[in-house]
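Here's the structure we're looking at; comments come further down.
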Amino acid sequence: MSSLGFIVRPLMARRGLRKAERDGTTRASVGASGVMPPLSVMGAFWVTSVLSGLPMVLVVLRVQLTS
């Protein structure tokens with residue numbers, strides 16, 4: 463970029479940010495409505511698996527630390 467880059471870059475960034483704010487709101491909500499339910503279900507399965515394995519992890523840690 464030229465020697466005026468320190469002036470031009472912030473102006474271009476601000477312009478791009480305004481355009482993204484104007485265009486991005488509807489696209490984000492449409493995309494999120496199709497992606498978030500499967501991610502929520504996967505997260506629920508992950509939490510369930512972690513919580514079901516936690517007692518065994520605690521037992522193994524206790525046995526390792528006491529022996």
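One rule links them: number in my numbering = place in the sequence shown (from 1) + 462. Don't be surprised by glycine CBs; every beta carbon is placed ideally from N, CA and C.
Point to revise | For serine 502, the three-state DSSP class (helix, strand or coil) | key: Serine 502 carries a helical assignment under DSSP once its states are collapsed to helix, strand and coil.
Practice item. Give the secondary structure of serine 514 by DSSP, where H, G and I count as helix, E and B as strand, and everything else as coil. Key: In this structure, serine 514 counts as helix in the three-state DSSP scheme.
Review point. Does DSSP classify serine 495 as helix, strand or coil?
Key: The answer is helix: DSSP assigns serine 495 an H, G or I state.
Review point. Going by beta carbon distance, what residues of the same chain come within less than 7 angstroms of serine 514, once the five residues before and after it are set aside?
Key: Close CB contacts of serine 514 within its chain, under the 7 angstroms cut and outside five residues either way in sequence, are absent.
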